[in-house]
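Participant: Chains as they are written, first to last, in my numbering: chain A, 1 to 390; chain B, 1001 to 1313; chain C, 2001 to 2093.
We put the beta carbon where it would ideally sit given N, CA and C, even for glycine.
None of these values were measured; they are calculated from a predicted model.
This structure is in structure tokens; I'll ask about it shortly.
Spelled out as structure tokens, the structure:
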């Protein structure tokens, strides 16, 4: 497929993908650092570049509520938000997957209040990690763009029918200009195709009731269905990643290893930090340290088999969480990675919390992590911090 | 619309729902559906959490024979915004053919006056074409009769109990109909199940206008107000005869008072019909004071609407 | 509960695809008083049917009404609105 190389911020890459998808309905509310997505998309609407009905709601709670109404009415539906906006809509974020509505959301990761902060961390995404959304993370604008198309296909696949969220780092990715390869509108739209909903509230000849009172005699069964759909998503998303990968001629997978084959000391991270860590790995390699990196691109469903097979024989693994789970046995990603490796005798799995509230993560910090852990020989789930002043 | 013809129409809730005997919300839901059917409209309903929602859709049963969605408590208007927007775009794209589909929200006073106020206001301002029906039973009945901002002054609820220090609700109720009016909707009305031709006409009008419309209907609640369900219409009528619940409509900003009792009945006539006011039944100086305050509030509100209506005469 | 459907058999997302199936749930046993229609008085004005919260009043072939006792909860509204007093509330036996 013909592609062109252009410069875009992560936010505008998301907006461009949304334009090419041309959803029926978008409902959103402005919040920093998500705003440039909606501003750019509003321009597409204003100039007639999309057919979308854009609902400029009065809150994020109403944004997700309107998305549910729209998706339940059989319309292809998208939205975008950040941090407190996601927190406000959380009640309804849980309802979307339980109603099996394939809504796609761009989440520009920002720290949750309080105190209020507008910069990047992943506390917003981690707030909803058990809500039942498929969750993709994006290292850069290119991945933001690509993930949108993969997300939409996965969400609407009849084996899945779950909402999907695409994460990108607030400001770091959303506001940084990068070059990326993008396809033509027509071909990108062809990849997603037309949406044929199984159920629609507008089908008045076949009326159905959606959202009844579901008590102890059936609620559990409906949750079990939801769990099953998430298991299917693991397989289905790989199919679309493969298809998409062939279309754009770029390798795309649920995880991305870097210099991992002979690595003894492995970093695990998500989003833009993976880019920094790739440099750190090179620096360590130059010093003769066999360092490597595993980037997690699909966070829910968590690709534990991939993690297990890629990291099972490593000596030391350090998982970097950009969100705090106070009182837990480490950050959320740390827990997932550690659980994936449980029962294997070799790896020591350590965890760091870093970068909260937009605190910069530097190569120096990456190197310091190696220094701090070089001689570590216990495997206690101890939460460490990097980049905070003592 | 002929009431007998309306009654022959097979529309409304299927039997077997779990609303209390004599529930006003059921009567309202049935009449709205019958009127829509009579006019050839097909409805899609969004229902806020509340008695009507809970009691009509206990899985695996539903009493709804039309497309129906419940999302959450505070977001029925935002939900219908999404449904209506989907309709607009899918119709434009030719994927939905029918043009007789209309959108209705049913919300109780809790879901409308209180927790859903913002969602409703937003949907009104955006001019989605839908009808918002409030079935106002003046408290959180579904969770067991807790006060809402629609609970009238002096009324007992489980969160405004009658004690030695405090007796019932101590502040006047919110006026949601006037808040709807402030959105400058094409059609706003207040109605009663005891005045059926007026109610039917208002539902017809509200379904016909191009834009958002709003009808606030007093929904008599035998269980929460403590009266015999057989007295439902007597109680509903008394609310109007005492001016407690004025019948009026606002058409493109123009106020019309639909009914003025020849002789306004004292509010005690309303109070003595309902057990939730039982503590006010005894003639004591303290009760006289609170009843005078209730009377004053009601008269002021009624006279205000009357003055607004007179501006347009 | 063990006779009910397993998760693989249920429509997804908690949807109910049988509109109006609450009819299968009988609420007639909620009743303590029973409306009894005097057909000789009933004029078939149908005001009771318009007001019945249960939609439990049928129109018979003669244009007069009868009560669906499977669902009637005995609220007595029909009796109270009847302009010709054709519906009496009697104690349930």
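(1) For residue 32/A and residue 83/A, I'd like the C-alpha separation in whole angstroms.
(2) Please list the residues of the region 2039–2070 of chain C that have a C-beta atom closer than 9 Å to any C-beta atom in chain A, keeping them in chain order.
(3) In this structure, does DSSP put residue 255/A in helix, strand or coil?
(4) For residue 218/A, which residues in chain B fall below 8 Å Cβ to Cβ?
(5) So which residues on chain C does residue 211/A lean against when the C-beta distance must stay under 8 Å?
(6) Starting from the N-terminal side, write out each stretch of the alpha helix (DSSP H) that is 4 residues or longer and does not extend beyond the region 1046–1076 of chain B.
(7) Identify whether residue 315/A lies in helix, strand or coil by the three-state DSSP scheme.
(8) Return the residue from the list 44/A, 151/A and 234/A that minimises the CA-CA distance to residue 244/A.
(9) Which complete beta strand (DSSP E) runs does the region 1229–1276 of chain B hold, if anything under 3 residues is left out?
(10) Would residue 383/A and residue 337/A qualify as a contact pair, given that the criterion is a beta-carbon distance under 9 Å?
(11) Per DSSP, what kind of secondary structure is residue 1146/B in: helix, strand or coil?
(12) Measure how close the beta-carbons of residue 1189/B and residue 1249/B come, nearest whole angstrom, since I'm counting them as under 8 Å.
(13) Which bits of chain C does residue 1013/B rub up against, with CB to CB less than 9 Å?
(14) Taking only heavy atoms of the ligand FAD into account, decide whether any of them is closer than 8 Å to the Cβ of residue 2007/C.
(15) Given residue 161/A, which residues of its chain have a CB within under 8 Å of its CB, disregarding the five upstream and five downstream residues?
(16) With residue 149/A and residue 17/A assumed to form a contact (beta carbons below 8 Å), what rounded beta-carbon distance in angstroms separates them?
(17) Below 9 Å between beta carbons: does that hold for residue 1115/B and residue 1042/B?
(18) Which of the three DSSP states, helix, strand or coil, is assigned to residue 2086/C?
(19) In this structure, does DSSP put residue 1101/B in helix, strand or coil?
(20) Using a Cβ-Cβ cut-off of 9 Å, state whether residue 2008/C counts as contacting chain B.
(21) Could you name the residues of the region 2072–2088 of chain C whose beta carbon sits closer than 8 Å to any beta carbon of chain B, in the order they occur along the chain?
(22) Within the continuous beta strand (DSSP E) that includes residue 384/A, where are the two ends?
(23) What are the boundary residues of the alpha helix (DSSP H) that residue 1004/B is part of?
(24) At least one CB of chain C closer than 9 Å to the CB of residue 1065/B: is that the case?
(25) Beta strand (DSSP E) containing residue 2066/C: first to last residue?
(26) Measure from the C-beta of residue 2034/C to each C-beta in chain B and report whether the shortest distance is under 9 Å.
(27) Listing by chain order, which chain C residues have their CB less than 9 Å from the CB of residue 1004/B?
(28) Measuring only the C-alpha atoms, how far is residue 1122/B from residue 58/A?
(29) Determine the direct distance from the alpha carbon of residue 1029/B to that of residue 1134/B, and round the result to whole angstroms.
(30) Measure the alpha-carbon distance for residue 2046/C versus residue 1008/B and round it to whole angstroms.
(31) Nearest to residue 362/A by alpha carbon, out of 332/A, 320/A and 191/A?
(32) With residue 73/A and residue 1086/B assumed to form a contact (beta carbons below 8 Å), what rounded beta-carbon distance in angstroms separates them?
(33) Cβ closer than 9 Å: which chain B residues qualify as neighbours of residue 360/A?
(34) Do residue 106/A and residue 135/A have their C-beta atoms closer together than 9 Å?
(35) Pull up the CB-CB distance for residue 2071/C and residue 1016/B, whole angstroms please, since I reckon it's below 8 Å.
(36) Quick one: Cα of residue 176/A to Cα of residue 200/A, how far?
Facilitator: In short:
(1) Between residue 32/A and residue 83/A, the alpha-carbon positions lie close to 9 Å from each other.
(2) The residues in question: there are none.
(3) Strand, per DSSP.
(4) Correct list: 1059 and 1060.
(5) What residue 211/A touches in chain C: 2014.
(6) Secondary structure within the region 1046–1076 of chain B: the alpha helix (DSSP H) runs of 4 or more consecutive residues, fully enclosed, are 1051–1056 (chain order).
(7) Here residue 315/A sits in coil by DSSP.
(8) Ranking 44/A, 151/A and 234/A by Cα distance to residue 244/A puts 151/A first.
(9) DSSP runs (the beta strand (DSSP E)) wholly in the region 1229–1276 of chain B: 1248–1251 and 1254–1257.
(10) No.
(11) Strand at residue 1146/B.
(12) The pair is a contact, with the Cβ atoms about 4 Å apart (cut-off 8 Å).
(13) Result: 2020, 2022, 2053, 2054 and 2055.
(14) Absent from the structure shown: the ligand FAD. Ligands present: none.
(15) In chain order, 100, 101, 102, 155, 198 and 229 place their CB closer than 8 Å to the CB of residue 161/A, counting only its own chain and leaving out the 5 sequence neighbours on each side.
(16) Sure, about 6 Å apart at Cβ, within 8 Å.
(17) No.
(18) Collapsing the DSSP output to three states places residue 2086/C in coil.
(19) Correct three-state label for residue 1101/B: strand.
(20) Chain B, which has no Cβ nearer than 9 Å to the Cβ of residue 2008/C, makes this no.
(21) Taking 8 Å as the Cβ-Cβ cut-off against chain B, the residues of the region 2072–2088 of chain C that qualify are 2073, 2074, 2075, 2076, 2077, 2079, 2080 and 2081.
(22) Here the beta strand (DSSP E) through residue 384/A covers 383–386.
(23) Run containing residue 1004/B: 1003–1008, per the alpha helix (DSSP H) assignment.
(24) Interface criterion met: the Cβ of residue 1065/B is under 9 Å from a Cβ in chain C.
(25) From DSSP, the beta strand (DSSP E) with residue 2066/C extends over 2065–2067.
(26) At a cut-off of 9 Å between C-beta atoms, residue 2034/C does not count as an interface residue with respect to chain B.
(27) Per Cβ cutoff of 9 Å: 2044, 2045, 2046, 2047 and 2050.
(28) Spanning the two alpha carbons is a distance of roughly 6 Å.
(29) Taking C-alpha positions only, residue 1134/B is separated from residue 1029/B by approximately 10 Å.
(30) About 8 Å.
(31) Comparing C-alpha distances from residue 362/A to each of 332/A, 320/A and 191/A shows the shortest one belongs to 320/A.
(32) About 4 Å separates the two Cβ atoms, so the contact holds.
(33) Those do not exist, as residue 360/A stays about 37 Å from chain B at its closest Cβ, beyond 9 Å.
(34) Cβ distance not < 9 Å, so residue 106/A and residue 135/A don't count as in contact.
(35) Contact flag correct, Cβ pair sits at about 6 Å.
(36) One C-alpha to the other measures close to 40 Å.
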